[in-house]
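Chains as they are written, first to last, in our numbering: chain A, 1 to 538; chain B, 1 to 538.
Have a look at the structure below before the remarks.
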């Protein structure tokens, strides 16, 4: 058999050749752009040739600091097709971390969305490796800025070669992309994605039993393109000729629902916080959501009560995805097996609220101190992963040895698996509550709390206990209309029938907001330190 | 990223772990077997350990001479998991070719279906490399035979180790399977399939825009397991936990429709001859076919009139597939793009009757003496292919240089491609009729002929012409009830409105049967020599 390298550029070439009538809807600051894949392909070739002229060569890093828009999409293909690496910088990091990761990755060029320019201007003196900046803007004139040299993206497109040939001889194990994941302590850790990993991950996203991404879909990734390749959706969409909708900067629930209505979006993906916001809107105003065949939710566990509302109240199929920056990211999806279709709606919802089945191409085991766990849905252990889109190290980082051992990624996620092979995340290793030698899942308690009609959000964390080592405390954000109307006693009574007595939180604190990470996950470390202050004061 | 070899055994392991309730229905000579994937997995491990005990090691060839049944399926996984190569011998070859390919492949062990034993007995003196025979039978006692040593398959299963560990360290480019394709002249040519090719091909079969093979399917490959890996369906089905129905020896249209009814088959695949036979049955008797979501037809072009009948008269979705022994095999499928759904039924049928869109992972070009053809649906050229499941050579065969040139497989198929990228096969290079410097497609004429109500089958071949170099002659098989009721003049008049005058056959011959290859394709070489006799007599 031939051994043809699995490369990023071949995905775009398929779109150019076979789907020139399909393309991208892109919302930027000033307008909505519509480009077909032939145009995207031509612009990508022009961009690649200009980057090459600026000196970018194999192994170099090119960084983006941008929203989900068509120019960002073009960098997704142009940079790897030169054998270079696209570093998608998380725009929500602290300034300290932004300059750290750009320096650490050794980025030579930085492409910036116009409204994000001030952030880069304020860190520019810290940047040691960047030789040139490129501004992604619809404006013809470049703004006044302290950055230099600063090129106009569209000028580079105009000056580029539309017939530029993508490299065909790239080894498929060459890095194509890069993202950093925030660490519990210290600086973010970098993950390199190879051409092979991104291509195989894209094949997987098209499978009928995963996302079933198809030419007939209209796909809107709300998950940022600076966060784990927007879950791989831009690559797979181009490959399959799927229409892409890129929502641009600062989108709100209003913008999201408007794009779904206008563009007839069939599949969209984002973190639970986004879906909570959209749900709030839907509860107030009627929107036409009937084009949606799947809402993909990942990043952290979506509460069952939310899944139920989407499915039952609005008829919107909701699918849980599980993955992490180190896994490209998708490794599991909550799908119902054919013979489970006969179960009751409640039972199916129960399955759908779990992280689901491992996708083809990923190997897993769940282990605790006693070895591999029983597949009984109860025995808890740490999830270990292996596969072609699973990282084997952090980029030039000593912390590699803590996470990658014996050929397996140690996810730090505590999970159970049942006899059907359904994954259920119980907690992060560090968030698990170890009470009197037993484990309590903060996630299970949170899901139960969020099913209470008055609760908007809830997080459960461990506080030190002399007797039990650790005990759970619940931090609850009430919906505005329930403020001061729900008591600690109400909450505990609500939980009591659902859990063993020793699982019940020792305390329920009502707070205004749960601190979150830059990608919308609960920041429990921060919550614990707030709590320590509060508890020591009280 | 990790680089984990893409290997056959990981597909079966997923079935064992995640789909132990799904499995295989297997029809053998004596009964219908039902085994789940846990049992298939255990039996495969036992078989692999027994083969290893018999001396099979990495690189060795193990051959099968068998129908589509569960034991054949077990060899599909057991042999490659030892690093050995499964040679699936085409049982319909001549005795001369059977012994040639077994010797040429250097097969050490031969597994035989019980009813096929006499064929092997009669060639046994020609076999130079086979050291042991294994009989696949439901019977406890082995029959009297001249083959020796002869082992019982089930004895080897019983003696095997159910906890045998599949090898994890196999290089993904290692050959896993092997089939021979018949040549126009001379001996068959061998094609080796690597673990990488078979795995990537299996990923492709699961894509929503290809076959969308899913856990929820019940898949019945009618295409023989000795013919290009049964189009990859056994591998992909196990991987996805898809229920498999294996129809066993000598199945008839009655058996096929009964299995579809009883097992609620959702997807099935075979050559046009099979579907013509089933259609004949359906026209006589009512059958419950509503479980079918796709009939996959490949091997040679299905006439549009047949596709139309399946779709319109019986509501059975019909999908054209294109591929060959050298391509693992699937490279194109006739699917309608989303925006083509608005076309009329006739226009959609027209698209469905073509070979369709190239699947993700395959590169193509169509070239003639002037270079690449226009994508206008008219310009004809030879189809060239490149990709990870495309062969790069024939196994130890000098004819490699005729077919594999400059990194491309030269298919020998003459095709057109339209502006949507839809492939249409026009002819085999050798069957194309070159009349007065222009090309006439025998396939187009055949399709038109088969749309005539009285025509059962038709083939068009070139006969030498002094003036025009070549001219087309049509060989027509009438349906029994139309015998002697349709004349040459009727046929020519039927064709006249559809073609340029110089395309019309010079002669229409009514014959009893069109000679076919072992896999049901028209054997035009044979037809031409029959014709030469006839024409020289007349």
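Glycine is no exception: its CB is placed at the ideal position from the N, C-alpha and C atoms.
Quiz item: Taking all protein chains shown into account, do 16 or more other C-beta atoms lie within 10 angstroms of the C-beta of residue 529(B), making it buried, or fewer, making it exposed?
Solution: In the second chain, the residue the question calls residue 529(B) occupies position 529. Its Cβ having fewer than 16 others within 10 Å, residue 529(B) is exposed.
Self-check item: Best match in 260(B), 324(B) and 296(B) for proximity to residue 311(B) [C-alpha to C-alpha]
Solution: On the second chain, residue 311(B) is found 311 positions in, with the first residue counted as 1. Of 260(B), 324(B) and 296(B), the residue nearest in Cα terms is 296(B).
Practice problem: Tell me whether residue 442(A) sits in a helix, a strand or coil according to DSSP, three-state version. | Solution: On the first chain, position 442 is the one that residue 442(A) refers to. Reduced to three states, the DSSP call for residue 442(A) is helix.
Self-check item: Proximity test, Cβ basis, 8 angstroms: residue 352(B) and chain A
Solution: For the purposes of this step, residue 352(B) is taken as residue 352 along the second chain, with counting starting at 1. Answer no: the Cβ-Cβ gap between residue 352(B) and chain A never drops below 8 angstroms.
Quiz item: Run through DSSP, which three-state label would residue 389(B) get?
Solution: For the purposes of this step, residue 389(B) is taken as the residue at position 389 of the second chain. Reduced to three states, the DSSP call for residue 389(B) is coil.
Self-check item: residue 45(A) classed as buried or exposed, judged by whether at least 16 other C-beta atoms fall within 10 angstroms
Solution: Here residue 45(A) refers to the residue found at position 45 when the first chain is read from its first residue. So residue 45(A) counts as buried.
Exercise. Please report how far the alpha carbon of residue 486(B) lies from the alpha carbon of residue 404(B), in whole angstroms.
Key: Here residue 486(B) is taken as the residue at index 486 of the second chain, counted from 1. Here residue 404(B) is taken as the residue at index 404 of the second chain, counted from 1. Their backbone Cα atoms lie some 45 angstroms apart in a straight line.
Practice problem: Measure how close the beta-carbons of residue 111(B) and residue 66(B) come, nearest whole angstrom, since I'm counting them as under 8 angstroms. | Solution: Position 111 of the second chain, counted from the first residue, corresponds to residue 111(B). Position 66 of the second chain, counted from the first residue, corresponds to residue 66(B). Contact flag correct, Cβ pair sits at about 6 angstroms.
Self-check item: Within 8 angstroms, strictly: CB atoms of residue 588(B) and residue 247(B)
Solution: Summary: the structure shown does not reach residue 588(B), with chain B confined to residues 1 through 538, and so no result is reported for it.
Quiz item: From the beta carbon of residue 389(A), is the nearest beta carbon of chain B less than 8 angstroms away?
Solution: Position 389 of the first chain, counted from the first residue, corresponds to residue 389(A). Look at residue 389(A): its C-beta is under 8 angstroms from a C-beta on chain B.
Quiz item: Whose CA, out of 83(B), 533(B), 521(B) and 500(B), lies closest to the CA of residue 509(B)?
Solution: Counting from one through the second chain, the residue named residue 509(B) turns up at place 509. Just measuring C-alpha positions, the residue of 83(B), 533(B), 521(B) and 500(B) sitting nearest residue 509(B) is 533(B).
Quiz item: Which class does residue 226(B) belong to by DSSP, given the choice of helix, strand or coil?
Solution: In the second chain, residue 226(B) corresponds to position 226, counting from 1. Of the three classes helix, strand and coil, the one that applies to residue 226(B) here is coil, per DSSP.
Quiz prompt | CB contact check: residue 167(B) to chain A, cutoff 8 angstroms | solution = In the second chain, counting from the first residue as 1, residue 167(B) sits at position 167. No, because no Cβ of chain A sits closer than 8 angstroms to the Cβ of residue 167(B).
Quiz item: Who does residue 375(A) pair with in a DSSP beta bridge?
Solution: As a working mapping, residue 375(A) is identified with position 375 in the first chain. When DSSP reads this structure, residue 375(A) sits in no beta bridge, so it has no partner.
Quiz item: What's the gap between the Cα of residue 535(B) and the Cα of residue 517(B)?
Solution: For the purposes of this step, residue 535(B) is taken as the residue at position 535 of the second chain. For the purposes of this step, residue 517(B) is taken as the residue at position 517 of the second chain. The alpha-carbon atoms of residue 535(B) and residue 517(B) are separated by roughly 23 angstroms.
Self-check item: Any C-beta of chain A under 8 angstroms from that of residue 153(B)
Solution: To locate residue 153(B), count along the second chain from 1; it is residue 153. Chain A, which has no Cβ nearer than 8 angstroms to the Cβ of residue 153(B), makes this no.
Exercise. Compare the Cα-Cα distances from residue 162(B) to each of 16(B), 343(B), 6(B) and 332(B) and report the closest residue.
Key: Taking the first residue of the second chain as 1, we reach residue 162(B) at position 162. Considering only 16(B), 343(B), 6(B) and 332(B), the residue with the shortest C-alpha distance to residue 162(B) is 16(B).
Practice problem: Could you spell out the range, first to last residue, of the beta strand (DSSP E) harbouring residue 507(A)? | Solution: Position 507 of the first chain, counted from the start, is the residue given in the question as residue 507(A). Taken as a continuous stretch (DSSP letters only), the beta strand (DSSP E) holding residue 507(A) covers 507–510.
Quiz item: Does residue 21(B) come within less than 8 angstroms of chain A when only Cβ atoms are used?
Solution: For the purposes of this step, residue 21(B) is identified with residue 21 of the second chain, where counting begins at 1. It does: the Cβ of residue 21(B) has a partner Cβ on chain A nearer than 8 angstroms.
Quiz prompt | In DSSP terms, what residue 418(A) is bridged to | solution = In the first chain, residue 418(A) corresponds to position 418, counting from 1. Checking the DSSP bridge columns, you'll see residue 418(A) has no partner listed.
Practice problem: Please list, in chain order, all residues of the same chain as residue 9(B) whose beta carbon is under 6 angstroms from its beta carbon, the five residues on each side excluded. | Solution: Along the second chain, one-based indexing puts residue 9(B) at 9. Result list for residue 9(B): 81 and 166, in chain order.
Quiz item: chain B beta carbons: is any one of them nearer than 8 angstroms to that of residue 538(A)?
Solution: Counted from its first residue, the first chain places residue 538(A) at position 538. Since pLDDT at residue 538(A) reaches only 48, below the 50 mark, its modelled position is unreliable, and the value read off the structure follows with that caveat. Chain B places no beta carbon closer than 8 angstroms to that of residue 538(A), leaving this residue out of the contacts.
Practice problem: Quick one: list the residues of chain A neighbouring residue 173(B), beta-carbon separation under 9 angstroms, in chain order. | Solution: On the second chain, position 173 is the one that residue 173(B) refers to. Here the neighbours are 1 and 3.
Exercise. From the DSSP output, in three-state form, read off residue 87(A) for me.
Key: Counted from its first residue, the first chain places residue 87(A) at position 87. In the three-state reduction of the DSSP assignment, residue 87(A) falls in the strand class.
Self-check item: Opposing strand residues paired with residue 295(A) [DSSP bridges]
Solution: The sequence position of residue 295(A) within the first chain is 295, counting from 1. In DSSP, residue 295(A) forms a bridge with 268(A) and 318(A).
Quiz prompt | Contact check, residue 453(B) vs residue 463(B), beta carbons under 8 angstroms | solution = Taking the second chain and counting its residues from 1, the one referred to as residue 453(B) is at position 453. Taking the second chain and counting its residues from 1, the one referred to as residue 463(B) is at position 463. No.
Self-check item: Distance between residue 499(A) and residue 203(B) (C-alpha atoms, nearest Å)
Solution: On the second chain, position 203 is the one that residue 203(B) refers to. On the first chain, position 499 is the one that residue 499(A) refers to. Straight across, the Cα-Cα distance linking residue 203(B) with residue 499(A) is about 42 angstroms.
Quiz prompt | Chain-order list of residues whose beta-carbon lies under 6 angstroms from that of residue 43(B) (same chain, five-residue window excluded) | solution = Here residue 43(B) is taken as the residue at index 43 of the second chain, counted from 1. If we look at residue 43(B) and ignore the five residues flanking it on each side, its Cβ neighbours are 74 and 157.
Quiz item: Going along the chain, which residues of the region 367–380 of chain B sit with their C-beta nearer than 9 angstroms to a C-beta in chain A?
Solution: So the list reads 375, given in the order they occur along the chain.
Quiz prompt | Proximity to residue 268(A) [Cα-Cα], best of 289(A), 250(A) and 468(A) | solution = As a working mapping, residue 268(A) is identified with position 268 in the first chain. Checking every option, the nearest Cα to that of residue 268(A) belongs to 289(A).
Exercise. Determine whether the Cβ of residue 17(A) lies closer than 8 angstroms to any Cβ atom of chain B.
Key: If you number the first chain from 1, residue 17(A) lands on position 17. Closer than 8 angstroms: yes.
Quiz item: Going by the beta-carbon positions, is the gap between residue 364(B) and residue 333(B) smaller than 8 angstroms?
Solution: Here residue 364(B) refers to the residue found at position 364 when the second chain is read from its first residue. Here residue 333(B) refers to the residue found at position 333 when the second chain is read from its first residue. Taking 8 angstroms as the Cβ cut-off, residue 364(B) and residue 333(B) do not qualify as a contacting pair.
Quiz item: Are the C-beta of residue 360(A) and some C-beta of chain B separated by less than 8 angstroms?
Solution: On the first chain, position 360 is the one that residue 360(A) refers to. It does; some Cβ of chain B falls within 8 angstroms.
Self-check item: Residues sharing a beta bridge with residue 19(B), DSSP
Solution: The sequence position of residue 19(B) within the second chain is 19, counting from 1. DSSP lists no bridge partner for residue 19(B).
Quiz prompt | Assigned secondary structure, residue 538(A) (DSSP; H/G/I helix, E/B strand, else coil) | solution = Along the first chain, one-based indexing puts residue 538(A) at 538. Annotation note: pLDDT 48 at residue 538(A) (below 50); position unreliable, coordinate value reported separately. Residue 538(A): coil per DSSP, three-state reduction.
Quiz item: For a contact meaning CB atoms closer than 7 angstroms, what does residue 215(A) contact in chain B?
Solution: As a first step, residue 215(A) is located in the first chain; it is residue number 215 there, counting from the start. Result: 209, 337 and 338.
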